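Note that the sequence shown covers residues -22 to -1, 1 to 139 in mature numbering (1 follows the signal peptide of the UniProt record, and there is no 0).
The beta-carbon is built from N, C-alpha and C at its ideal position, and this holds for glycine as well.
The model shown is predicted, which means the values in this text are computed figures rather than measured ones.
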Amino acid sequence: MRNKLALTLLAVLGLSVTSAEAQPERKTPYWASIQATKAMMRTGPGQNYPATWLYMRADLPIKVIETYPSWRKVQDPTGETGWMLQRLLKDQRTALVTGSEPRPMHVTPDAGSKVRYRAEPGVVGVISKCADGWCRLDVGRRSGFIRTEHIWGVDPSETLE
């Protein structure tokens, strides 16, 4: 009798862990990044749809514009849209440096502050906070503040803490 009770309790706990791991639905659009080192974009929300792109760059920022059970319709930095499996994405906020020339990364979120580094176009970093048109961008062991107009992965007037 005790074994049956223990098995039932384990089964119930297992079910609750599984449902707790499921990500809650979020209001679209929202920002995310690619978690996998290889992520396939498809024309529709299913593996039976043709692949359009193979992304081989973890941490690339993407914008989620639609959800469908375990699939997310995303937009990449070039404007391409398609569907990706939710498990290939993560909530970590990243940004891609844009433009055709290196962008200054300042010591403080102020154009008059000292330039700490210059980030090349195409560099991806982790965003830790944003306010008033500036974001803190961590690229490897280097960090600094960069104008939101110089990155893709954040809305211009967005505030992150």
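Anyone know if the C-beta pair for residue i and residue j falls short of 8 Å?
i, j, result
"E44", "K51", "yes"
"Y27", "R35", "no"
"D69", "A29", "no"
On the three-state DSSP scale, how would you describe residue i?
i, result
"A97", "strand"
"L66", "helix"
"T30", "strand"
"T59", "strand"
"E3", "coil"
"E127", "helix"
"S121", "strand"
"E79", "coil"
"G103", "strand"
Determine the closest residue to residue i out of the options, with distance taken between C-alpha atoms.
i, options, result
"C91", "A73, D54, G122, G111", "Sequence check: residue 91 is Ser here, not Cys. The shortest Cα separation from S91 among A73, D54, G122, G111 belongs to G122."
"E136", "Q25, T76, Y8", "Y8"
"M6", "T86, Y46, T30", "For the record, residue 6 in the displayed sequence is Thr; it is not Met. Answer by Cα proximity: Y46."
"W61", "D133, R119, Q25, R120", "Q25"
"G22", "W31, A14, T15", "W31"
Ignore the nearest five residues each way along the sequence and tell me which others in residue i's own chain have a CB closer than 6 Å to its CB.
i, result
"Q64", "S48, R50"
"Y33", "I12, A17"
"V85", "S91, K92, R94"
"A109", "T137"
"T72", "S11, D37, P39, V102, V104, G131"
"M83", "R94, Y95, A97, G122, I124"
Leaving out five residues on either side along the sequence, give the residues of the same chain with a beta carbon under 7 Å from the beta carbon of residue i.
i, result
"V117", "A97, V101, G103"
"R125", "G111, W112"
"R81", "V75, R96, A97, I124, H128"
"G77", "P99, H128"
"T15", "M34, A36"
Which same chain residues end up closer than 8 Å to residue i when comparing Cβ atoms and leaving out the 5 residues on each side of it in sequence?
i, result
"L74", "L38, P39, P55, G100, V101, V102, I129, W130, G131"
Just to check my reading of the structure: residue i and residue j have Cβ atoms closer than 8 Å, yes? What is that Cβ distance to the nearest angstrom?
i, j, result
"K107", "L138", "5 Å"
"A114", "I105", "The question names Ala, yet the displayed sequence has Arg at residue 114. Indeed they touch by this definition, with Cβ atoms about 7 Å apart."
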